[in-house]
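S.K.: Questions regarding the structure given below will be posed in turn.
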Amino acid sequence: MTVPNEELFAFAGIYTQWVKGDNSIINTYSVITTQANSLMHYYYL
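Take a look at the structure:
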């Protein structure tokens, strides 16, 4: 997502990799959010 006429902005989040017993890798992530405002409520999951 971008903000019109503004520079790129960032999201807070966490990321990690898990190695399963069969040595396959699972990549997991989460984006930290708050309640959507009127501008973003259409995109909020």
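Each number in my numbering comes from the position in the sequence shown (counting from 1) with 9 added on. In this text, a Cβ means the ideal position worked out from N, Cα and C, and glycines have one as well.
(1) Counting along the chain, where does the beta strand (DSSP E) carrying Gly30 start and finish?
(2) Per DSSP, Thr25 is paired with what?
(3) Is the distance from the Cβ of Ile23 to the Cβ of Lys29 below 8 Å?
(4) List the whole-angstrom C-beta distance separating Val12 from Phe20, where the pair is believed to meet the contact cut-off of C-beta under 8 Å.
(5) Check whether the Cβ atoms of Thr43 and Trp27 sit closer than 8 Å, and answer yes or no.
M.R.: The answer reads as follows:
(1) As a working note, residue 30 is residue 21 in the sequence shown. In this chain, Gly30 is not harboured by any beta strand (DSSP E), its DSSP state being neither H nor E.
(2) Residue numbering aside, residue 25 sits at position 16 when the sequence shown is read from its first letter. Its beta-bridge partners are Thr37.
(3) Here residue 23 refers to the residue found at position 14 of the sequence shown. Here residue 29 refers to the residue found at position 20 of the sequence shown. Going by beta carbons, Ile23 and Lys29 fall outside the 8 Å limit.
(4) As a position in the sequence shown, residue 12 is number 3, starting the count at 1. As a position in the sequence shown, residue 20 is number 11, starting the count at 1. The pair is not a contact, with the Cβ atoms about 13 Å apart (cut-off 8 Å).
(5) On the sequence shown, residue 43 is found 34 positions in, with the first residue counted as 1. On the sequence shown, residue 27 is found 18 positions in, with the first residue counted as 1. No, the Cβ-Cβ distance between Thr43 and Trp27 is not below 8 Å.
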